[in-house]
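Protein chains in written order, with the numbering used here: chain A, 234 to 583; chain B, 234 to 583. Even glycine gets a Cβ: it sits at the ideal position worked out from N, Cα and C.
2 protein chains.
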Amino acid sequence: MNLEDVAKRANVSTATVSRVLNNVGRVKHATKARVIQAVEELKYTPNLNARMLAGGPNRTLGMIVSNLENPFFLDIFRTLEADAHRRGYEVLVANTDYRPQHLVSSVRLMIGRRVSGLAVVVSEMKPSLIRELADSRLPVVFYDVGAARANITNIKVNYQNGMQRIVEYLYGLGHRRMAFIGHHTTLEPLNDRKRTFLEVAQAYAPRLKVMTVGSADGPVGGQNAAREILTSGVHPTAIVCVNDFMALGVLRELHARRIAVPDELSVTGFDDIGLAQFVSPALTTAHIPREEIGHLICEALIPSHPGHREHGHEVLVDTELVVRESTAPAQTRPAGRRGQPRRPVAVARK
Amino acid sequence: MNLEDVAKRANVSTATVSRVLNNVGRVKHATKARVIQAVEELKYTPNLNARMLAGGPNRTLGMIVSNLENPFFLDIFRTLEADAHRRGYEVLVANTDYRPQHLVSSVRLMIGRRVSGLAVVVSEMKPSLIRELADSRLPVVFYDVGAARANITNIKVNYQNGMQRIVEYLYGLGHRRMAFIGHHTTLEPLNDRKRTFLEVAQAYAPRLKVMTVGSADGPVGGQNAAREILTSGVHPTAIVCVNDFMALGVLRELHARRIAVPDELSVTGFDDIGLAQFVSPALTTAHIPREEIGHLICEALIPSHPGHREHGHEVLVDTELVVRESTAPAQTRPAGRRGQPRRPVAVARK
DNA sequence: TCGATTAATGTAAGCGCTTGCAAGATTACG
DNA sequence: CGTAATCTTGCAAGCGCTTACATTAATCGA
């Protein structure tokens with residue numbers, strides 16, 4: 234079932250069929266109708282591979298993320314996809330599970346499919362890969378890693394700043410012993426986050442007691458990390474998580490152990506995923522504007538004014554502290570409950 | 234940058250390059266080495282579109298889901314993808330957001346890309362589409378909709394049975410006023426679920442009081458539905474949700490209103506998504522073996538014994554009641570708390 | 001050492017589609 | 001009614017790759 238079959242049935246040449254299918258060039262109305270009818274009768278579906286090969290319009294973007302399961306990544310994907318669809322583009326996703334090797338093969342796959350733009354929203358990254366992508370002419374967006382180049386746009390979130398706000402806020406509530414939960418700290422960008430926490434903590438309060446533990450991304454990882462902390466003997470009054478997704482597991486573990494949050498222990502996340510409002514207690518976190526990021530990616534990847542793509546710039550996205558129910562003043566002594574958890578205080582989000 | 238460039242650089246013909254790249258036919262060791270070197274030096278990446286066109290091995294599956302955000306769908310995708318990768322396949326996802334029209338275009342897209350197999354895991358479905366897919370030679374798996382045909386495998390979950398267990402269980406706990414929360418009930422397969430609930434409820438307990446409300450999939454939808462129920466004046470003692478994802482929102486709304494779950498009101502979900510264990514109280518639900526479903530899909534779509542594909546069968550997957558913390562005996566009178574929530578009772582899951 | 005095998009590589013015909021160019025069909029206008 | 005200008009449509013050359021088949025090189029037994 235190919236162009237030729239359709240052409241025959243409509244008594245035209247393949248060129249004409251192609252023209253009506255792509256709505257390009259001029260075709261007499263009657264002919265067009267005949268072609269369309271033939272297409273429908275034959276239930277013809279163009280072979281996109283052939284189309285791309287032949288140099289047809291390439292309306293496909295690629296996106297590579299570390300962990301689709303983490304709503305943070307999924308949200309970015311969803312807005313990107315929505316934007317892309319609106320402009321007639323498709324987007325292909327690939328998931329790396331934080332495995333650098335997997336990243337490499339995913340990039341190759343995307344290049345192999347000849348996507349017209351690639352978003353790399355991952356926390357792991359080999360420098361050689363960055364170079365390879367920089368060398369290619371492909372428009373690329375990196376999130377959180379690498380540096381801007383000719384064909385590369387760079388989006389970074391001001392993690393430092395967000396972490397600072399969180400620590401500052403907790404410190405203001407009287408917390409002096411904090412624990413940090415991260416994951417995959419062997420991967421540089423993530424280790425970087427841990428380091429950021431430590432630096433901020435040290436800078437802000439030299440006499441702060443901190444501990445860090447690492448695990449896997451996700452609730453289960455958070456749960457494990459929480460266990461480790463709780464059995465460590467450090468007895469922090471606040472647990473700072475590298476992201477909300479892990480904080481979910483922390484909350485659960487504390488609940489299971491009958492440790493009241495926030496009365497006995499405060500917990501913070503990072504990202505402000507939708508679920509952060511749907512757990513109890515609702516999570517205090519730093520909001521990362523994922524929709525904005527999705528839009529930015531789309532902007533950078535799809536040439537709006539044909540031929541006049543702006544590239545090579547770097548965008549720094551700021552975070553916003555969102556105080557909900559999972560944080561409260563530090564307990565001086567490890568006592569029992571202290572009444573109802575307090576309601577949201579600072580920023581109110583829709 | 235194409236095969237020919239590589240061929241030139243390695244002083245061989247394109248055929249030879251192709252052979253070493255696909256590891257097919259016999260090539261002298263020395264030549265192979267030269268080719269590989271040329272490939273690396275040139276950073277050559279084969280054009281997959283051309284490869285498919287030329288009749289190379291098609292190792293791509295497609296999967297269409299209604300709502301990637303719902304962990305239920307995501308889980309299936311993840312196991313399918315893992316299985317597929319293990320066999321050297323890629324899988325393309327498309328998201329429909331429960332929009333039938335979107336389903337149609339997604340199917341066309343997949344067919345256009347000439348995937349070698351397609352999994353349609355959606356809750357909306359036009360009969361015409363089923364027919365169209367049945368007519369195509371493409372191996373297809375439908376989840377929860379349609380019927381088995383020559384090239385179509387059908388996976389159904391025994392929703393009826395699962396719902397029966399839930400209602401039965403709640404009835405056993407003394408619940409006599411139940412509310413059902415669904416979503417997109419204009420879509421047949423989902424309306425079907427609502428109907429199932431009603432039938433089961435009626436059959437099991439003719440004097441049961443029920444109400445149903447519909448909304449959008451997800452926590453927000455669950456929250457809205459919960460509000461509707463709570464202001465309806467029906468005062469159910471148990472809320473049965475069509476899936477866990479919505480139940481999350483219900484739990485949150487009840488928490489916000491200081492309605493104790495399960496002491497004042499019991500809540501059940503369906504699916505047993507990972508998060509069900511990570512909310513408080515942990516969700517009582519019916520477990521749908523998503524991994525098994527993912528494996529089944531992979532089995533059906535990838536010919537294991539080349540040329541000998543089993544098709545046209547129908548698989549009925551059974552559910553399992555998982556009792557956690559969100560259900561308890563019904564309150565006789567609308568009183569206050571009753572101590573700690575009880576621990577898991579029945580099936581213990583890893 | 002010399003055909004006869006067998007291994008290694010090259011040749012070239014597509015796969016289904018797009019598109020520049022040219023030919024044929026229409027229309028306009030004097 | 002003739003010719004130039006304008007529309008429509010067809011022709012055919014690829015796009016980059018795979019693969020059946022042809023060709024050449026290497027190997028072997030007698």
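Option in the options with minimal Cα separation from residue i
i: L336/B; options: G405/B, T560/B and K359/B; result: K359/B
i: P452/B; options: V494/B, P290/B, R485/B and R440/B; result: R485/B
i: V298/A; options: T329/A, G288/A, M285/A and I526/A; result: T329/A
i: A266/A; options: V253/A, M411/A, L529/A and D505/A; result: V253/A
i: L487/A; options: N476/A, D477/A and I472/A; result: I472/A
i: E323/B; options: F310/A, N303/A, T565/A and R346/A; result: R346/A
i: R364/A; options: L325/A, S349/A, A381/A and S356/A; result: A381/A
i: R319/B; options: D238/B, Y331/B and T293/B; result: T293/B
i: N391/B; options: H520/B, V555/B and S537/B; result: H520/B
i: Q393/B; options: V556/B, T552/B and R557/B; result: T552/B
i: K276/B; options: I344/A, V443/A, N235/A and K261/A; result: I344/A
i: M444/A; options: G545/A, V555/A and I462/A; result: I462/A
i: T464/A; options: V260/A, A533/A and V446/A; result: V446/A
i: S369/A; options: V348/A, R259/A and E302/A; result: V348/A
i: V378/A; options: A563/A, V548/A, C531/A and R557/A; result: V548/A
i: G545/B; options: K261/B, A263/B, I388/B and E302/B; result: I388/B
i: Q270/B; options: L351/B, V250/B and G258/B; result: V250/B
i: F511/A; options: L534/B, I535/B, A533/B and D477/B; result: D477/B
i: T501/A; options: T565/A, L406/A and I530/A; result: L406/A
i: Q204/B; options: V550/B, L351/B and S356/B; result: Outside the shown range of chain B (234 to 583) lies residue 204/B, about which nothing can therefore be said.
i: G295/A; options: G321/A, A327/A and P304/A; result: A327/A
Those residues which DSSP pairs with residue i across a bridge
i: M296/B; result: V326/B and A352/B
i: E547/A; result: N387/A
i: G415/A; result: G447/A
i: L254/A; result: L254/A is not bridged to any residue.
i: D504/B; result: H520/B
i: Y376/A; result: I388/A
i: E553/B; result: H520/B
i: A471/A; result: M411/A and S499/A
i: K442/A; result: R410/A
i: R382/B; result: I385/B
Buried or exposed by the 16-neighbour rule on C-beta atoms within 10 Å, applied to residue i
i: K427/B; result: buried
i: R499/A; result: Note on identity: in this sequence residue 499/A is Ser, with Arg being the wrong assignment. Burial call: buried.
i: N244/B; result: exposed
i: S339/B; result: buried
i: G466/A; result: exposed
i: V374/A; result: buried
i: S186/A; result: The structure shown has nothing for residue 186/A, since chain A only spans 234 to 583.
i: D504/B; result: buried
i: F430/A; result: buried
i: E213/A; result: A query on residue 213/A cannot be resolved here, the shown segment of chain A reaching from 234 to 583 and no further.
i: S537/B; result: exposed
i: A581/B; result: Confidence at A581/B is low in this model, with a pLDDT of 40, below 50, so its placement is unreliable and no value can be given for it.
i: T386/B; result: buried
i: P495/A; result: buried
i: M411/B; result: buried
i: S361/A; result: exposed
i: G569/A; result: Low per-residue confidence applies at G569/A: pLDDT is 41, beneath 50, and the placement is therefore not dependable, though the value from the model is reported in the following sentence. When all chains shown are included, G569/A counts as exposed.
i: M396/B; result: buried
i: V578/B; result: In this predicted model, V578/B has a pLDDT of only 42, less than 50, meaning its place in the structure is not dependable; the value taken from the coordinates is given anyway. Under this definition V578/B is an exposed residue.
May I ask you to verify whether the region 512–531 of chain A touches the region 465–481 of chain A, counting CB pairs closer than 8 Å and requiring at least 3? yes
Assess, as a yes-or-no matter, whether the region 423–434 of chain A is touched by the region 455–472 of chain A under the definition of 3 or more beta carbon pairs within less than 8 Å. By the Cβ test, the region 455–472 of chain A is not in contact with the region 423–434 of chain A, since fewer than three Cβ pairs between them sit closer than 8 Å.
Quick one: any contact between the region 522–530 of chain B and the region 309–324 of chain B, if contact means 3 or more CB pairs under 8 Å? yes
Quick check: the region 430–440 of chain B against the region 401–417 of chain B, are there 3 or more CB pairs under 8 Å? yes
If we count Cβ pairs, one from each stretch, closer than 8 Å, do we get three or more for the region 276–291 of chain B versus the region 276–286 of chain A? yes
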